Each structure stands twice: as C-alpha cells, then as structure tokens.
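Enquirer:
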Amino acid sequence: MSAPTTDLSMQLARQEGWNRPPVIEPGGEGELLELAMGPHHPSTHGVFRMDVVLDGERVIKLKPVFGYLHRNHEKIAENTSYLASMPYTDRLDYFCSLTNNWAYALAVEKLSAQAVPERAEYLRVILAEFTRIQNHASTIGFLLQEMGASGTPLMYAFREREKILDLFESLTGSRMMCNYMRFGGCRVDASAAWLDAARKVVSGLPEFVDEFERFLRTNEILMARAQGMGVLRPELAVNAGITGPMLRASGVNYDIRKVDHYGIYDRFKFRVPLGDHWDIYDRYMVRMLEMRESIGILEQALKEIPGGPVMDPKAKIRGFRPKPGEAYGRIEGPKGELGFYLISDGSPNPYRYRVRPPSLINLTVLEDMCLGHNVADVVLIFGSVDIVLGEVDR
Amino acid sequence: MKTVDEIKAAIEAAVRGARVDVLTNPGPSGQHSLLLATSTAAAVARFLRDDPEFALDFLSNVTGVDWPDKEITEKVKVPKQVVKTVEGVEQTVEEMVEETRKRVEPGCLEAVYHLYSMAKKQGPVVIRMRTANRSDNVTLPSFTPIWRSAELQEREVFDLYGIVFGGHPDLRRILMWDGFKDHPMRKDYIEPDDFEYEPTAHDEVLARAQAQKAATGMGITPQESGR
Chain B
1 MSAPTTDLSM QLARQEGWNR PPVIEPGGEG ELLELAMGPH HPSTHGVFRM DVVLDGERVI
61 KLKPVFGYLH RNHEKIAENT SYLASMPYTD RLDYFCSLTN NWAYALAVEK LSAQAVPERA
121 EYLRVILAEF TRIQNHASTI GFLLQEMGAS GTPLMYAFRE REKILDLFES LTGSRMMCNY
181 MRFGGCRVDA SAAWLDAARK VVSGLPEFVD EFERFLRTNE ILMARAQGMG VLRPELAVNA
241 GITGPMLRAS GVNYDIRKVD HYGIYDRFKF RVPLGDHWDI YDRYMVRMLE MRESIGILEQ
301 ALKEIPGGPV MDPKAKIRGF RPKPGEAYGR IEGPKGELGF YLISDGSPNP YRYRVRPPSL
361 INLTVLEDMC LGHNVADVVL IFGSVDIVLG EVDR
Chain X
395 MKTVDEIKAA IEAAVRGARV DVLTNPGPSG QHSLLLATST AAAVARFLRD DPEFALDFLS
455 NVTGVDWPDK EITEKVKVPK QVVKTVEGVE QTVEEMVEET RKRVEPGCLE AVYHLYSMAK
515 KQGPVVIRMR TANRSDNVTL PSFTPIWRSA ELQEREVFDL YGIVFGGHPD LRRILMWDGF
575 KDHPMRKDYI EPDDFEYEPT AHDEVLARAQ AQKAATGMGI TPQESGR
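Protein sequences appear in the order of chains B and X.
Residue numbers are given in my numbering: position 94 of the first sequence equals residue 94, and the series is strictly consecutive.
Residue numbers are given in my numbering: position 167 of the second sequence equals residue 561, and the series is strictly consecutive.
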C-alpha cells in the first residue's frame, strides 16, 4: 500500500460525515451496560478513562475522558522565561524527555534564528534515536503485558532500557528528566569514554532486537489477538492527524525525519517501515523495524561524530529575548509529531506557548478502532496507540 | 511551496467572495499566515484540502491565542481656541496644541491552524480566524467536519480560551471539568484562592445507595462500610 491517493480520500470526503465513527445498533436482547474503564484501570498507563457502552461483550460506543493529569503546562510556560520551561518539557512525555527537549529547542531556534554546532546536532541525533529504541521496546513490552504475557517480555525490554538510561544518567545526570538541550546546542559535552560506552550498548542492540523478535513474531497469542484487530484506514488516519508509528502502520509513508530533514537527518541512510494490514500487529511490527533502523542511524552517527563545541558561542543564555514573531517547530518523536508553537512579543517570556501532543491527537480515532470489538480487545487497541498521560493532559 | 501571496491569489480566484488577508510574521522563521474571514472560512478550508495543487490533507496543530483589549496612550495635535495677547490687543487665536489621549483597541480571540500536505510533502500553511470580540461574540466555524484532527484540539481551545466552534459535533470541555466556569488560558484569568472545590458524584451515589437499601433491604451504605 502506497500513500493514500488524494483521489480516494477526496472521493470519500465528498460524502458528509465519512470521517465520523459509525453508529452501531445493539443487536442482542439483553440490556446495554455502561462501564467506566479507568481512571484507575491498570491498562490505561496512568489516569485515563474510557466510558464504554457494551452490548454483551461488544463495544458499541466509546468516549475517552481526559484531564485527570491536567496542570496547564502551557500557562505555566507563558508565565516564565523561555529557558525555565526546558526542564518542564521533560515531564510531558516522561518516557522520552530528550526528544521533548529537542522539539522545544528546535522551535525556539526557529523563532530566534539560532544556529547549532555540528557536534551538538550529532549528539541530539544519538540521544533521540536511543530514546526511540527504549520507547518502542517498552511499548511492545507493555502491549504483550496487556495480552497476558505477564512481566516477561516487559522485563526483556526493560533490561535493554536500563542500559540506555544508564547512558543518559552518566551524560545528563538524570535517567528520565534529562533537561539536556539548550537553545543553540547541548548543555554538556560527551566524553570519549561516554561515546565508547554508547558504542558498546549499540553493538549489543541488534542481538536484543533479534531475540525479542524471535520470541514474539510468530507467538500464537500475539498473532491471534493482534492480527486484523483495530484496523485504521489510511485515509482516516491522514484526516484525523495521526502521526508516528500509528500512521506508518496504516501504510502512509510520512516520517518527519525524511520530510523536514530537521537537524542533520539528511546525512543518514535509513528506511521507513510501513504497515500492510493497518492492524495492531502492524503497529507492533513497524515499531520493531523502526528500532532496527534507529540502530543503523546510531552506528552511522557514532562513527561520524566530529569534534568541536557543543554550544554555539553566540547563543544567549541569560536575558534571552527573541525578536517579535512566531514559529512552529516539529520533530518526529517516538510517539508521533511533537510540535511547539511559540509567539514572541519581545519580552523574556513567550506570549504564547503551545505543545502539539501526539499522544492526545492519536487518541482521536480510538472510538473508530474499538467499535464492534470485544471489551478485552479495547485494552490492546488502546495499548497499540502508545500514549503517555503526562503529554495527553499536559 | 508557494508563497502566502500566491496562495491568497489562488484562494480568491477559486472561492467566490472569499476575503483573505496576509499577516506578515516579523520574526526570522518566515512562517507568514493567512487571516480568513469567518463567513467564507469553511469554503476556503475545503478548497485548500481538495485542490490538487495544495492538497493540504493534514491539519497538524490547532490552537488559540488571546489578544486582550489594549489601552493605547498617544499624543495627538488638536486645534484649540486660545486667548492671547498679540501686539497689546487681546484676541482669540486658533493654535495646534499637543494632547494626550487614551483609546481602547478592542481585543479578540484567535484560532490558529497549521496545515501540511502529506500527499505532496510540503507545508506549513498557517491560517487564522478571529472572533469579533472576547465576550459575547466568540463563535468561529469549526474545521472538524473537514479535518477530523481538529476534533479534540478545538475542544481544548473551547475549554481553555472559550471560542465556540459552530458545527463541531461534540463541543464539550476536555481538560477542565464540566462545571468549571472560566477559561484558564486567557490572559486576564485570575486563579481562585482555593482549589479545594472539585465536584464529585459523592452525594448522588450516597443517595442512590440509601434508596436502594431502603427499597430492597440489600446493599450497604458507604458509612457502614467505613468501619
């Protein structure tokens, strides 16, 4: 399946309401059951609620309920300086703090026309791809956990994540709340010893992915429960703004690393895995293949990384006041398009600070994917979206 | 990618009666935006999505911006009758006098949309709409029927800024609770002194449990279970 031809989506778009979830009539004789899944359901990865209407086991309506973790991150950021929001971005998607840092730094660099030194760009790529690998591995582990493979696949993923978090800790001082990037570079330089340690971790990763895939790819439970489940049509995925592995599992070739070439991604060779059947299994497989491509990028980046400064000497840290204007910067985060929209009025605080959260927007089609399936499958479909509530509610 | 002026010309050629203004971005990012008149905005949005040359099939980001009323103090020169003694004779002369005046520039709420094309791999095109004021006339047309990705994001703008999107299929608060009154992202929002009040269904649930116990003799009220 190539990208959805605009013809097809245009044909559909002429029918009013084609992109709405269908209305399912209850078929059985029994009563309908209204059930609140969450906010304390263990499969909701935090505090998230789905109000489902069940006809027997079958889901005929599903409404997501948000806001349990809402702290108005955007308002807090508008009342403080640009730099002071950087550690706050760590807390959005707390699995991927380094990509959050990068997206915010990229938007501010666009806003203030700030250059980034070469070595810092390489370090950013290295850290972002490490983040992607540990995120995808954990997502697959959690997905298997929700299928009933209690603990074991997740522990295999966490074993590898542990090595990557150790690298983050020795470079940035923190395992998860890294607060590492700055406008115009990175906070500290990586030593030669750190780069060697990173190379060592990377050299062990292909074996881990091989092993992980060998255990899971033809696993009967995974195949029975994931194949043909939670299908998302590509034209709906595009229209609903789905991004990241979810979109590519629906067969749409759109990777912001390839489209925008932000940072230095045009220097690396990597492929964009696409799904064929648009179901949960494809979402699992796309993440597995993306980990392999990330390992390839890491090998190239760790080989080519040049010397030099990690901070642009002209970058202004104290008293940073960008000229009036606005900018939208986005990156391909592990969960999808993570964007920051900033308006500056020339003061030290942003006039408007907006996070485009991939986790929230990818939930737009949750109802469409779940309708007609059994309630036990809602857990899997929800797990295959890959969200973090810190980013959904902000 | 075409420039904003070319996009404006294409829109005005294709959509009859469309009013589009170009807003120049003074910063270095080069992302200029198009301000759409609310009456024709839906038709323009449909054109931008369906036209094969633009094919803006992907609405990435939807957000609101609050522009409060601005009090502007300016100095104006006004003619004024002044009594003066000229050459020993008192007479009334017209003179230009500088005066400080204050005027209020009305504010508005703004919705900002960032569009990309997945088919043509280009973008962004930034479009904006503005409400007439910030109090009673805050309705804008919803883009959710055109791009589904606006669904949750327009709900968020409605919740935090108070812009009402006409034609949105499910316009409810999303992050704040349903009984909440204000719009926290507005610039003039004042936080309440105490955050204790959060509505729960507690009384309702208790009343139902007591009614059930009275009717059937079964079940247990929350007090009894409290030990």
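Every residue gets a Cβ at the ideal spot worked out from N, C-alpha and C, and that includes glycine.
Since this is a predicted model, take the numbers as computed values, not measurements.
Anything in the segment 253-281 of chain B with a Cβ closer than 7 angstroms to a Cβ of chain X? List those residues in chain order, please.
Expert: Within the segment 253-281 of chain B, the qualifying residues are Tyr254, Val259.
Enquirer: Quick one: which chain B residues come within Cβ less than 8 angstroms of Asn395 of chain X?
Expert: Within the second sequence, residue 395 of chain X is the residue found at index 1, counting from 1. Residue identity differs from the one stated: residue 395 of chain X is Met in this sequence, not Asn. Here the premise fails: no neighbours, minimum Cβ distance about 12 angstroms.
Enquirer: Using the DSSP secondary-structure output, state which residues sit across from His508 of chain X in a beta bridge.
Expert: Within the second sequence, residue 508 of chain X is the residue found at index 114, counting from 1. Per DSSP, X:Asn455, X:Val520.
Enquirer: Just reading off the alpha helix (DSSP H) that Met114 of chain B is part of, what are its end residues?
Expert: As a working mapping, residue 114 of chain B is identified with position 114 in the first sequence. According to the sequence shown, residue 114 of chain B is Gln rather than Met. Counting along the chain, Gln114 of chain B falls outside any alpha helix (DSSP H), and DSSP gives it neither H nor E.
Enquirer: Kindly list the residues whose CB is nearer than 7 angstroms to the CB of Gly620 of chain X, restricted to its own chain and excluding five residues on each side of it in sequence; keep chain order.
Expert: What you label residue 620 of chain X is simply residue 226 of the second sequence in a count that begins at 1. Summary for Gly620 of chain X: the model assigns pLDDT 49, below 50, so the residue's position carries little reliability; its value from the coordinates is reported in the next sentence. Taken in chain order, the list of residues that qualify is empty.
Enquirer: Under 9 angstroms between the Cβ atoms of Tyr122 of chain B and Pro306 of chain B?
Expert: Against the first sequence, residue 122 of chain B aligns to sequence position 122. Against the first sequence, residue 306 of chain B aligns to sequence position 306. A contact, by the Cβ cut-off of 9 angstroms.
Enquirer: Just list the beta strand (DSSP E) runs in the segment 417-497 of chain X, keeping only unbroken ones of 3 residues or longer that don't cross its boundaries, in chain order.
Expert: 427-430, 452-461, 464-480
Enquirer: Give me the Cβ distance between Val272 of chain B and Pro245 of chain B, rounded to the nearest whole Å; I'm assuming they're in contact under 8 angstroms.
Expert: Here residue 272 of chain B refers to the residue found at position 272 of the first sequence. Here residue 245 of chain B refers to the residue found at position 245 of the first sequence. Their Cβ separation, rounded to whole angstroms, is 10 angstroms, which puts Val272 of chain B and Pro245 of chain B out of contact at 8 angstroms.
Enquirer: Any C-beta of chain B sitting closer than 9 angstroms to the C-beta of Phe452 of chain X?
Expert: Position 58 of the second sequence holds residue 452 of chain X. For Phe452 of chain X, the answer is yes, since a Cβ of chain B falls inside 9 angstroms of its Cβ.
Enquirer: Let me check understanding here. Comparing Cα to Cα, which of B:Ala198, B:Val202, B:Val385 lies closest to Asp282 of chain B?
Expert: Within the first sequence, numbered from 1, the residue matching residue 282 of chain B stands at position 282. Checked all of B:Ala198, B:Val202, B:Val385; the closest Cα to Asp282 of chain B is B:Val385.
Enquirer: May I ask which residues mark the beginning and end of the beta strand (DSSP E) holding Phe48 of chain B?
Expert: Position 48 of the first sequence, counting from 1, holds the residue named residue 48 of chain B. Looking at the DSSP string, Phe48 of chain B is not in any beta strand (DSSP E), and its letter there is neither H nor E.
Enquirer: Kindly list the residues whose CB is nearer than 6 angstroms to the CB of Pro309 of chain B, restricted to its own chain and excluding five residues on each side of it in sequence; keep chain order.
Expert: Walking along the first sequence from the start, residue 309 of chain B turns up at place 309. Cβ neighbours of Pro309 of chain B beyond the five flanking positions: Pro117.
Enquirer: Note the first and the last residue of the continuous alpha helix (DSSP H) segment covering Tyr353 of chain B.
Expert: Taking the first sequence and counting its residues from 1, the one referred to as residue 353 of chain B is at position 353. Premise fails: Tyr353 of chain B lies in the beta strand (DSSP E), 352-356, not in any alpha helix (DSSP H).
Enquirer: Are there any heavy atoms of the ligand GDP lying less than 8 angstroms away from the beta-carbon of Gln300 of chain B, as far as the coordinates show?
Expert: Within the structure as shown, the ligand GDP is missing, as the structure has no ligands at all.
Enquirer: Give the secondary structure of Gly185 of chain B by DSSP, where H, G and I count as helix, E and B as strand, and everything else as coil.
Expert: If you number the first sequence from 1, residue 185 of chain B lands on position 185. In this structure, Gly185 of chain B counts as strand in the three-state DSSP scheme.
Enquirer: Given Thr6 of chain B, which residues of its chain have a CB within under 7 angstroms of its CB, disregarding the five upstream and five downstream residues?
Expert: For the purposes of this step, residue 6 of chain B is taken as the residue at position 6 of the first sequence. Unreliable positioning characterises Thr6 of chain B in this predicted model, as indicated by a pLDDT of 48, which lies under 50. A coordinate reading is not provided.
Enquirer: Quick check on the DSSP output: the beta strand (DSSP E) that includes Ala36 of chain B runs from which residue to which?
Expert: On the first sequence, position 36 is the one that residue 36 of chain B refers to. Per DSSP, Ala36 of chain B belongs to the beta strand (DSSP E) from 32-37.
Enquirer: Hey, could you find the ends of the beta strand (DSSP E) Thr533 of chain X is sitting in?
Expert: Taking the first residue of the second sequence as 1, we reach residue 533 of chain X at position 139. Run containing Thr533 of chain X: 533-535, per the beta strand (DSSP E) assignment.
Enquirer: Does Lys75 of chain B come out as helix, strand or coil in the three-state DSSP assignment?
Expert: The sequence position of residue 75 of chain B within the first sequence is 75, counting from 1. DSSP places Lys75 of chain B in helix when its eight states are reduced to three.
Enquirer: Hey, out of X:Arg580, X:Arg542, X:Gly611, whose CA is closest to Val365 of chain B's CA?
Expert: Here residue 365 of chain B is taken as the residue at index 365 of the first sequence, counted from 1. Proximity to Val365 of chain B across X:Arg580, X:Arg542, X:Gly611 peaks at X:Arg542, based on C-alpha coordinates.
Enquirer: Which residues, in chain order, does the segment 75-101 of chain B contribute to contact with chain X at a C-beta distance below 7 angstroms?
Expert: Lys75
Enquirer: Are the beta-carbon atoms belonging to His577 of chain X and Gly561 of chain X less than 9 angstroms from one another?
Expert: Within the second sequence, residue 577 of chain X is the residue found at index 183, counting from 1. Within the second sequence, residue 561 of chain X is the residue found at index 167, counting from 1. No. Outside cutoff.
Enquirer: Are Thr432 of chain X and Leu534 of chain X closer than 9 angstroms when you measure CB to CB?
Expert: Counted from its first residue, the second sequence places residue 432 of chain X at position 38. Counted from its first residue, the second sequence places residue 534 of chain X at position 140. Yes, they are a contact pair.
Enquirer: Within this structure, are the beta carbons of Asp564 of chain X and Arg580 of chain X separated by less than 9 angstroms?
Expert: Sequence index remark: in the second sequence, residue 564 of chain X carries index 170 (1-based). Sequence index remark: in the second sequence, residue 580 of chain X carries index 186 (1-based). No, Cβ-Cβ distance for Asp564 of chain X and Arg580 of chain X is not below 9 angstroms.
Enquirer: Please list, in chain order, all residues of the same chain as Asp553 of chain X whose beta carbon is under 7 angstroms from its beta carbon, the five residues on each side excluded.
Expert: Reading the second sequence from its first residue, position 159 is the one you call residue 553 of chain X. These residues qualify, in order along the chain: Arg567, Ile568, Leu569, Met570.
Enquirer: Which chain B residues sit within Cβ distance under 7 angstroms of Thr457 of chain X?
Expert: Numbered from 1 along the second sequence, position 63 holds the residue referred to as residue 457 of chain X. Here the neighbours are Tyr341, Arg354.
Enquirer: If we cut at 9 angstroms on Cβ distances, does His508 of chain X have a partner in chain B?
Expert: By 1-based counting over the second sequence, the position of residue 508 of chain X is 114. Look at His508 of chain X: its C-beta is under 9 angstroms from a C-beta on chain B.
Enquirer: Can you give the beta carbon distance from Val47 of chain B to Leu274 of chain B, rounded, assuming they're within the 8 angstroms contact cut?
Expert: As a position in the first sequence, residue 47 of chain B is number 47, starting the count at 1. As a position in the first sequence, residue 274 of chain B is number 274, starting the count at 1. Actually they do not touch by this definition, with Cβ atoms about 33 angstroms apart.
Enquirer: Within its chain, find whatever has a CB closer than 6 angstroms to the CB of Met395 of chain X; leave out the 5 residues flanking it on each side and keep chain order.
Expert: Locating residue 395 of chain X in the second sequence gives position 1, where the first residue counts as 1. So the qualifying residues of the chain are Gln516.
Enquirer: With DSSP collapsed to three states, give me the class of Met395 of chain X.
Expert: Here residue 395 of chain X corresponds to residue number 1 of the second sequence, with the count starting at 1. Residue state, collapsed to three classes: coil.
Enquirer: Which whole-angstrom value describes the C-beta separation of Ala157 of chain B and Leu171 of chain B, a residue pair presumed to lie in contact below a C-beta threshold of 8 angstroms?
Expert: Taking the first sequence and counting its residues from 1, one reaches residue 157 of chain B at position 157. Taking the first sequence and counting its residues from 1, one reaches residue 171 of chain B at position 171. Not confirmed; about 21 angstroms, so no contact.
Enquirer: Which whole-angstrom value describes the C-beta separation of Thr457 of chain X and Arg354 of chain B, a residue pair presumed to lie in contact below a C-beta threshold of 8 angstroms?
Expert: Along the second sequence, one-based indexing puts residue 457 of chain X at 63. Along the first sequence, one-based indexing puts residue 354 of chain B at 354. Between Arg354 of chain B and Thr457 of chain X the Cβ distance is about 4 angstroms, and since that is below 8 angstroms, they are a contact.
Enquirer: Beta-carbon of Pro245 of chain B versus every beta-carbon of chain X: anything under 9 angstroms?
Expert: Walking along the first sequence from the start, residue 245 of chain B turns up at place 245. No, because no Cβ of chain X sits closer than 9 angstroms to the Cβ of Pro245 of chain B.
Enquirer: Ends of the beta strand (DSSP E) at Lys63 of chain B?
Expert: The residue you call residue 63 of chain B lines up with position 63 of the first sequence. Taken as a continuous stretch (DSSP letters only), the beta strand (DSSP E) holding Lys63 of chain B covers 58-65.
Enquirer: Just grab the DSSP bridge partners of Lys341 of chain B for me.
Expert: Numbered from 1 along the first sequence, position 341 holds the residue referred to as residue 341 of chain B. The question names Lys, yet the displayed sequence has Tyr at residue 341 of chain B. Paired residues: B:Tyr328, B:Arg354.
Enquirer: Against Thr364 of chain B, what residues of chain X qualify as contacts under a CB-to-CB distance less than 8 angstroms, listed in chain order?
Expert: Here residue 364 of chain B refers to the residue found at position 364 of the first sequence. Simply Arg542, Ser543, Glu545, Leu546.
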